[in-house]
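In my numbering, the protein residues as written are 872 to 1025.
The beta-carbon is built from N, C-alpha and C at its ideal position, and this holds for glycine as well.
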(Lines of atoms letter the chains of each structure in order from A and count residues from 1; the text may use other names and numbers.)
(Lines give C-alpha, C1' and ligand atoms only; values in the text may rest on other atoms or scores of the structure.)
Protein backbone atom coordinates (compact mmCIF):
# COMPACT_ATOMS: atom_id res chain seq x y z
CA UNK A 1 0.00 0.00 0.00
CA UNK A 2 2.95 2.33 0.65
CA UNK A 3 4.09 1.87 -2.95
CA UNK A 4 0.56 2.56 -4.20
CA UNK A 5 0.39 5.88 -2.35
CA UNK A 6 4.02 7.00 -2.34
CA UNK A 7 5.95 5.02 -4.96
CA UNK A 8 9.28 3.38 -4.15
CA UNK A 9 11.10 4.53 -1.02
CA UNK A 10 14.66 5.87 -0.96
CA UNK A 11 15.87 3.46 1.74
CA UNK A 12 14.70 0.37 3.58
CA UNK A 13 15.74 -0.90 7.01
CA UNK A 14 14.68 -4.39 8.01
CA UNK A 15 14.93 -6.52 11.13
CA UNK A 16 13.80 -10.11 11.57
CA UNK A 17 14.25 -12.95 13.97
CA UNK A 18 13.18 -16.36 15.14
CA UNK A 19 11.81 -15.13 18.47
CA UNK A 20 9.37 -17.81 19.57
CA UNK A 21 9.10 -20.70 17.13
CA UNK A 22 12.72 -21.79 17.49
CA UNK A 23 11.88 -25.25 16.15
CA UNK A 24 11.29 -23.75 12.68
CA UNK A 25 14.17 -22.81 10.35
CA UNK A 26 12.62 -19.43 9.45
CA UNK A 27 12.07 -16.07 11.13
CA UNK A 28 8.74 -15.66 12.90
CA UNK A 29 8.79 -11.88 13.39
CA UNK A 30 9.94 -9.00 11.23
CA UNK A 31 9.70 -5.26 10.77
CA UNK A 32 10.68 -2.83 8.04
CA UNK A 33 10.96 0.93 7.95
CA UNK A 34 10.64 2.59 4.54
CA UNK A 35 12.08 6.10 4.11
CA UNK A 36 10.40 8.47 1.66
CA UNK A 37 10.98 12.18 1.11
CA UNK A 38 8.71 13.62 3.79
CA UNK A 39 7.28 10.30 5.00
CA UNK A 40 8.02 7.03 6.77
CA UNK A 41 6.19 3.74 6.38
CA UNK A 42 6.35 1.09 9.10
CA UNK A 43 5.57 -2.54 8.28
CA UNK A 44 5.33 -5.21 10.97
CA UNK A 45 4.87 -8.95 10.53
CA UNK A 46 4.39 -11.69 13.12
CA UNK A 47 3.50 -15.35 13.11
CA UNK A 48 3.59 -15.73 16.89
CA UNK A 49 0.52 -13.93 18.17
CA UNK A 50 -1.32 -15.81 20.91
CA UNK A 51 -4.74 -14.37 20.03
CA UNK A 52 -5.53 -13.38 16.42
CA UNK A 53 -6.21 -9.69 15.78
CA UNK A 54 -5.41 -8.56 19.32
CA UNK A 55 -4.39 -5.81 18.81
CA UNK A 56 -5.96 -5.43 15.38
CA UNK A 57 -3.61 -5.70 12.42
CA UNK A 58 -5.48 -3.18 10.36
CA UNK A 59 -3.86 -0.65 8.05
CA UNK A 60 -3.43 2.77 9.67
CA UNK A 61 -2.67 5.86 7.59
CA UNK A 62 -1.28 8.88 9.47
CA UNK A 63 -1.53 12.25 7.74
CA UNK A 64 -1.01 15.90 8.60
CA UNK A 65 -4.76 16.51 8.99
CA UNK A 66 -5.88 13.22 10.52
CA UNK A 67 -5.63 9.45 10.72
CA UNK A 68 -7.53 6.69 8.92
CA UNK A 69 -7.92 3.27 10.55
CA UNK A 70 -8.94 0.73 7.92
CA UNK A 71 -11.04 -2.13 9.30
CA UNK A 72 -12.80 -4.98 7.57
CA UNK A 73 -16.27 -3.46 7.25
CA UNK A 74 -15.63 0.19 8.03
CA UNK A 75 -13.05 2.96 8.12
CA UNK A 76 -12.60 5.19 11.14
CA UNK A 77 -11.60 8.74 10.32
CA UNK A 78 -9.88 10.77 13.05
CA UNK A 79 -9.32 14.48 12.42
CA UNK A 80 -8.19 17.48 14.44
CA UNK A 81 -11.84 18.51 14.71
CA UNK A 82 -13.09 15.00 15.55
CA UNK A 83 -10.40 13.34 17.67
CA UNK A 84 -12.91 10.70 18.83
CA UNK A 85 -13.22 9.39 15.29
CA UNK A 86 -16.10 8.87 12.91
CA UNK A 87 -16.93 5.47 11.48
CA UNK A 88 -17.58 5.33 7.75
CA UNK A 89 -19.31 2.12 6.63
CA UNK A 90 -17.89 0.61 3.46
CA UNK A 91 -20.03 -0.61 0.59
CA UNK A 92 -19.77 -4.31 -0.18
CA UNK A 93 -17.40 -5.07 -3.03
CA UNK A 94 -19.02 -6.36 -6.23
CA UNK A 95 -18.78 -10.00 -7.24
CA UNK A 96 -15.44 -10.56 -8.90
CA UNK A 97 -13.64 -8.13 -6.58
CA UNK A 98 -14.34 -9.51 -3.09
CA UNK A 99 -10.93 -11.12 -2.64
CA UNK A 100 -7.64 -11.50 -4.50
CA UNK A 101 -8.18 -14.98 -6.03
CA UNK A 102 -11.67 -14.06 -7.23
CA UNK A 103 -10.36 -10.84 -8.78
CA UNK A 104 -7.46 -12.66 -10.46
CA UNK A 105 -9.82 -15.22 -12.02
CA UNK A 106 -12.11 -12.40 -13.20
CA UNK A 107 -9.16 -10.68 -14.91
CA UNK A 108 -8.17 -13.95 -16.60
CA UNK A 109 -11.73 -14.59 -17.78
CA UNK A 110 -12.16 -11.05 -19.11
CA UNK A 111 -8.63 -10.74 -20.50
CA UNK A 112 -7.96 -7.57 -18.50
CA UNK A 113 -4.82 -6.45 -16.67
CA UNK A 114 -5.06 -6.39 -12.85
CA UNK A 115 -5.35 -2.85 -11.51
CA UNK A 116 -4.76 -1.04 -8.23
CA UNK A 117 -2.95 -2.97 -5.52
CA UNK A 118 -2.71 -6.06 -7.75
CA UNK A 119 -1.01 -4.31 -10.69
CA UNK A 120 2.09 -6.18 -11.88
CA UNK A 121 4.38 -3.12 -11.81
CA UNK A 122 3.34 -2.25 -8.27
CA UNK A 123 3.83 -5.88 -7.21
CA UNK A 124 7.33 -5.89 -8.72
CA UNK A 125 8.21 -2.73 -6.78
CA UNK A 126 6.79 -4.23 -3.58
CA UNK A 127 8.92 -7.35 -4.15
CA UNK A 128 12.02 -5.16 -4.49
CA UNK A 129 11.20 -3.51 -1.17
CA UNK A 130 10.79 -6.92 0.48
CA UNK A 131 14.15 -7.97 -0.97
CA UNK A 132 15.77 -4.77 0.35
CA UNK A 133 14.28 -5.53 3.78
CA UNK A 134 15.74 -9.03 3.70
CA UNK A 135 19.18 -7.72 2.68
CA UNK A 136 18.99 -5.13 5.47
CA UNK A 137 17.92 -7.67 8.08
CA UNK A 138 20.69 -10.05 7.00
CA UNK A 139 23.50 -7.47 6.82
CA UNK A 140 22.38 -4.97 9.48
CA UNK A 141 22.50 -1.96 7.15
CA UNK A 142 20.04 0.40 5.49
CA UNK A 143 19.55 -0.51 1.81
CA UNK A 144 19.09 2.19 -0.84
CA UNK A 145 16.71 1.64 -3.71
CA UNK A 146 16.88 0.63 -6.45
CA UNK A 147 18.48 -2.63 -5.35
CA UNK A 148 21.26 -3.23 -7.89
CA UNK A 149 21.16 -7.03 -7.84
CA UNK A 150 17.38 -7.26 -7.53
CA UNK A 151 15.89 -10.48 -8.85
CA UNK A 152 13.57 -8.60 -11.25
CA UNK A 153 15.91 -5.76 -12.30
CA UNK A 154 15.19 -4.84 -15.91
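When the alpha-carbon of residue 901 is set against those of 990, 894, 918, 912, the nearest one is in 918. Here the segment 1008-1015 makes contact with the segment 881-890; the two share three or more CB pairs at distances below 8 Å. Per DSSP, residue 884 is one residue of the beta strand (DSSP E) stretching across 882-888. Apart from sequence neighbours up to five positions away, the residues of its chain that approach residue 874 with a beta-carbon distance below 6 Å are 993, 996, 997, ordered along the chain.
Per DSSP, the unbroken alpha helix (DSSP H) holding residue 1006 starts and ends at 991-1010.
For residue 874, the enclosing alpha helix (DSSP H) starts and ends at 873-877.
In the structure shown, residue 979 adopts helical secondary structure according to DSSP, grouped into three states. Distances from the alpha-carbon of residue 942 to those of 965, 976, 890, 932 put 932 closest. Secondary structure note for residue 932: its beta strand (DSSP E) is the uninterrupted segment 930-933. Residue 896 and residue 920 have their C-alpha atoms spaced approximately 18 Å apart. Beta bridge pairing from DSSP links residue 974 with no other residue. Its Cα nearest to that of residue 929, the residue 916 stands out among 916, 936, 990.
Shown here for residue 1016: same chain residues with a beta carbon closer than 8 Å to its own, the five before and five after excluded, namely 879, 880, 881, 882, 883, 999, 1000, 1003 in chain order.
The alpha-carbon of residue 877 is positioned some 16 Å away from that of residue 903.
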